[in-house]
């Protein structure tokens, strides 16, 4: 487990970084004119749109009509995570919407894909292996943890929650610790971990497309 912990920590600290001066992907360079409309499910995998590459601490979000932009604070400065960089590629599952009227945050489902950094706007096929449930400002915040469907892009072998928990417990604890601290001390609260089946149920619960488009 120490090997997995060291490997993930190395990826976290050394993966490609996105500096404020780098141009971000726009709608012209993204995988589709509107990534939100890509199918949520692709066969036995999920589709994910990467907003934030592994190894950066700059908060990047996709905005319709503008593309991928650095998130800003009320004073106009760029939002930077005042903690270790993202420990995986962070993004969303397209064609999902966690509706506020049903207790959600009004955004697409969040995903952290464990692996080396990929460019902003990359579309990935992934397998969910776990679900991390947090409480953030009084709301339940669901983070799906996934690995690339392409086995050559995987940094460790785990395609289910049991393998992830038993064989890669150190990596699991790194991810948990990161999400509990990246917004500052005591900003988020751990509720529980769930398995890959829970992740699939969440996708089916919040998907807005009627069927997967191949």
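Residue numbers (this note's numbering): 153 to 366. Beta carbons: idealized from backbone N, C-alpha and C, even for Gly.
(1) Output needed for residue 366: all residues of its chain with C-beta closer than 6 angstroms, excluding positions within five of it in sequence on either side, in chain order.
(2) Do you know whose CA, among 195, 332, 299, 331, lies nearest residue 316's CA?
(3) Spatial neighbours of residue 181 within its chain, please: C-beta separation below 6 angstroms, excluding the five flanking residues on both sides.
(4) Which residues does DSSP pair with residue 220 in a beta bridge?
(5) Please report the straight-line C-alpha distance between residue 332 and residue 264, rounded to a whole angstrom.
(6) What residues in its chain sit with their C-beta under 6 angstroms from that of residue 202, if we drop five residues either side in the sequence?
(7) Buried or exposed, going by whether 16 or more other CB atoms sit within 10 Å of the CB of residue 212?
(8) Determine which residues share a DSSP beta bridge with residue 280 and list them.
(9) Per DSSP, which residues does residue 193 bridge with? Please list them.
(10) Which residue comes first and which comes last in the beta strand (DSSP E) that contains residue 261?
(11) Please work out which residues of its chain come closer than 6 angstroms, Cβ to Cβ, to residue 175, disregarding the five sequence neighbours upstream and downstream, and give them in chain order.
(12) Just to confirm, are residue 237 and residue 209 a CB contact at a threshold of 8 angstroms?
(13) Using CA atoms only, rank isn't needed, just tell me which of 195, 246, 344, 288 is closest to residue 189.
(14) Are residue 277 and residue 197 touching if we call contact CB-CB under 8 angstroms?
(15) Per DSSP, what are the beta-bridge partners of residue 288 in this structure?
(16) Name the DSSP bridge partner or partners of residue 359?
(17) Please report how far the alpha carbon of residue 173 lies from the alpha carbon of residue 329, in whole angstroms.
Reading it off the structure:
(1) Reliability fails at residue 366, whose pLDDT of 37 lies under 50, so the model's placement of it is uncertain and the value that follows must be treated cautiously. Taken in chain order, the list of residues that qualify is empty.
(2) The alpha carbon of residue 316 has as its nearest neighbour, out of 195, 332, 299, 331, the alpha carbon of 299.
(3) Bear in mind that a pLDDT of 42 at residue 181, under 50, signals an unreliable position, so the number given afterwards is only what the model happens to contain. Cβ within range, chain order: n/a, list empty.
(4) When beta bridges are read from the DSSP output, residue 220 appears opposite 214.
(5) Taking the straight line joining both Cα atoms gives about 14 angstroms.
(6) Excluding residues within five positions, the ones whose Cβ falls inside 6 angstroms are 241, 243, 270, 274.
(7) Its Cβ being crowded by 16 or more others within 10 Å, residue 212 is buried.
(8) Residue 280 pairs with 298.
(9) 198.
(10) Where residue 261 is concerned, there is no enclosing beta strand (DSSP E), given that its DSSP letter is neither H nor E.
(11) Residue placement at residue 175 cannot be trusted, given a pLDDT of 40 that sits under 50; what the coordinates show is reported in the next sentence. Within the same chain, residue 175 has no close Cβ partners at all.
(12) Contact: yes.
(13) Cα-wise, what sits closest to residue 189 is 246.
(14) The answer is yes: Cβ separation under 8 angstroms.
(15) Per DSSP, 291, 340.
(16) In the DSSP assignment, residue 359 forms a beta bridge with 248.
(17) Low confidence applies here, because residue 173 scores a pLDDT of 35, under 50, leaving its location unreliable; read the following figure in that light. Straight-line Cα distance between these residues: approximately 29 angstroms.
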